[in-house]
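My numbering numbers the first residue of the sequence shown as 1457 and each following residue consecutively.
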Amino acid sequence: MIKRRSVRVYKDQGIQQDLIDKLLDAANNCPSGGNIQPLSIITIQSTEGREYLGKMIGSQPWVKNAPLSMIFCIDFNRIKKWATISNVDFQGENALSHFLIAYADLMCAAQNVTMTAESFGLGSVYVGSIQGIIDEIRDHFSIPKLVLPMMLLCIGYPESIPNTIPKLERKVITHKEKYNNLTNLEIEQAYNDKYGIFDEDPEQYFLKAYIEVIESSKQQGDRWLKLAKKRVKRLNIKNHAQFLFKLRYPTEAMVSMNQDLIKSFKNAGFNFN
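And the structure:
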């Protein structure tokens, strides 16, 4: 588990249905709040489905190239129908608590699939970008109201596996009995220990902290790598935090996504007001 890495380059080799069934069984038997199981998983193997996902996600060629993708959905449609049949009210679509528990269930299921896949020699990568195209995904894959596609998992036999990337030391993220509020100096040192000195050569830094752009360049040519290098220079990025929150996850862009997500949630029948 500790050595597990995101795999983005796959062999041209399909996955047998009996193995896919084992992955789905692992998802189905994951922990679930109240054992309600507000989850649906759509498996994508067709050329058409893979090409559509690849086109919509954009700069991540592994989405199209993976022989199997799974769309993990929060599913209150099935539960609401069951509640109606059983003559009881269910309003999970209006309850933020229900949603948060369901999302935790969903990620538990996805992680069960990930680790089961590893045990059979498969590799995988999470693609959270699907949250930016919820409406399009729902329309294309005939997903009804009260069902939200929230995570995409691409799976295949690894052609190559990236080196282990740096992580924070265990002592930074673990606390005994009470929260240990680190000083600014301790926090700065912790992230310096994780990433090392910010390298003036972006490509060396990308190998440690932005492997996606390296993998994309291998599969699509180097235009994404060149673009990333230009953005590092244009944005005058000088440290790791600036790289993350100016380039990879720009603060303004991330905040502006709120309204798009809220709109997509409402389009699917969810309203937490």
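Cβ atoms here follow ideal geometry from the backbone N, Cα and C, with glycine treated the same way.
Cβ-based neighbour list, residue i, same chain, cut-off 7 Å, excluding 5 preceding and 5 following
i, result
"M1512", "I1589 and E1592"
"P1706", "none"
"Q1501", "P1523 and L1524"
"G1514", "none"
"K1702", "L1691 and I1693"
"D1474", "none"
"D1649", "E1625"
6 Å Cβ shell around residue i - same chain, five flanking residues per side excluded
i, result
"V1465", "E1615 and S1616"
"N1533", "P1600, L1602 and V1603"
"G1505", "none"
"G1612", "Y1466, A1522 and P1523"
"G1510", "V1519 and K1520"
"C1564", "C1486 and P1487"
"A1558", "P1494 and I1530"
"K1722", "none"
"F1726", "E1549"
"R1448", "Because residue 1448 is not part of the residues shown, which for the chain are 1457 to 1729, the question remains open."
"H1554", "G1548"
8 Å Cβ shell around residue i - same chain, five flanking residues per side excluded
i, result
"E1507", "K1520"
"A1551", "F1728"
"C1529", "L1495, S1496, I1497, I1498, L1562, I1599, V1603, L1604, P1605 and M1606"
"A1697", "Y1647"
"R1460", "T1570, M1571 and E1574"
"L1480", "I1497, T1499 and V1569"
"D1716", "G1588"
"K1478", "T1572 and F1576"
Residue from the options whose Cα sits closest to the Cα of residue i
i, options, result
"N1692", "I1535, F1654, N1491 and A1573", "F1654"
"L1700", "F1597, Y1647, M1713 and F1726", "Y1647"
"W1538", "L1509, V1569, A1566 and Q1493", "Q1493"
"D1531", "Q1715, G1577 and R1594", "R1594"
"A1482", "A1566, E1644 and I1586", "A1566"
"S1720", "E1549, I1476 and K1685", "E1549"
"N1640", "V1628, K1634, E1633 and Y1651", "V1628"
"L1575", "K1685, G1489, I1458 and I1535", "It is worth fixing the name first, because residue 1575 is Ser in this sequence and not Leu. With distances taken between Cα atoms, S1575 lies closest to I1458."
"S1462", "Q1472, P1618 and H1554", "P1618"
"R1704", "A1684, N1714 and N1723", "A1684"
"P1517", "V1581, Q1547 and R1687", "V1581"
Nearest-angstrom beta carbon gap, residue j and residue i [assumed within contact, 8 Å]
i, j, result
"P1523", "G1470", "5 Å"
"Y1583", "C1610", "Reading off the sequence, residue 1583 comes out as Val, not Tyr. Rounded, the Cβ-Cβ distance is 6 Å, consistent with contact."
"L1608", "I1586", "4 Å"
"I1527", "F1597", "7 Å"
"A1560", "G1489", "7 Å"
Subject >> Any 3 or more C-beta pairs closer than 8 Å across the segment 1618 to 1629 and the segment 1536 to 1543 >> reply: no
Subject >> Length at least 3, wholly inside the segment 1558 to 1625: the beta strand (DSSP E) runs in chain order >> reply: 1579 to 1583, 1603 to 1612 and 1614 to 1616
**OP:** Enumerate, from N- to C-terminal direction, the unbroken beta strand (DSSP E) stretches of 3 or more residues contained entirely within the segment 1479 to 1553.
**Re:** 1495 to 1500 and 1524 to 1531
**OP:** Counting only runs of 3+ residues fully inside the segment 1680 to 1727, write out the beta strand (DSSP E) ranges in chain order.
**Re:** none
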